[in-house]
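First the structure, in the form of structure tokens, and then the observations on it.
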DNA sequence: CATATGACACTAT
DNA sequence: AATAGTGCCATAT
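Residue numbers (the working numbering): 184 to 289.
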């Protein structure tokens with residue numbers, strides 16, 4: 184099997200997501216800003232989609248801007264479960280007080 | 001090179 | 001507050 188080479192976007196996105204400390208979360212828009220593309224929230228999601236298989240992928244720590252867990256290829260349930268394990272509270276596919284756990288890439 | 005798809009965001013209604 | 005429409009970026013075909 185030919186393994187695909189990680190795109191530049193995936194590298195940048197992975198770096199940003201890897202900075203998110205355990206117990207905290209971030210949004211696709213914030214990650215996009217962190218990599219220097221504040222309008223590339225979509226591309227960020229696309230990059231994370233390919234990062235399935237990456238080591239230490241805190242991709243579940245990335246949620247939408249309005250506090251929704253967003254999507255997750257393979258099962259949003261999984262993402263919610265992981266986030267709950269991190270000490271967060273998810274209700275109706277929505278992160279409770281997500282703004283309180285948001286990591287702003289200082 | 002153009003079209004279609006996708007783990008989004010913002011504004012208007 | 002919720003839904004719909006439009007915009008933006010990157011990858012795949």
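Just so you know, even glycine gets a beta-carbon here, dropped at the ideal spot from N, CA and C.
Only a predicted model underlies this, so the values are computations on that prediction, with no experimental measurement involved.
Under a three-way DSSP split, which group does residue i fall into?
i, result
"residue 218", "coil"
Check each candidate in the options and name the one with the smallest Cα separation from residue i.
i, options, result
"residue 275", "262, 285, 284", "262"
"residue 204", "247, 242, 220", "242"
"residue 235", "213, 206, 283, 255", "255"
"residue 247", "270, 237, 277, 271", "277"
Throw me the rounded Cβ distance for the residue i and residue j pair, which I believe falls under 8 angstroms.
i, j, result
"residue 279", "residue 245", "In fact, because the Cβ distance is near 17 angstroms, the residues do not count as touching under 8 angstroms."
"residue 199", "residue 281", "Actually they do not touch by this definition, with Cβ atoms about 17 angstroms apart."
Output needed for residue i: all residues of its chain with C-beta closer than 6 angstroms, excluding positions within five of it in sequence on either side, in chain order.
i, result
"residue 233", "193"
"residue 226", "192"
Which residues does DSSP pair with residue i in a beta bridge?
i, result
"residue 273", "278"
"residue 203", "Residue 203 pairs with nothing; no bridge assigned."
Can you find the residues in the same chain that come closer than 8 angstroms, C-beta to C-beta, to residue i, ignoring five residues on each side of it along the sequence?
i, result
"residue 215", "221, 222, 223, 224, 226, 227"
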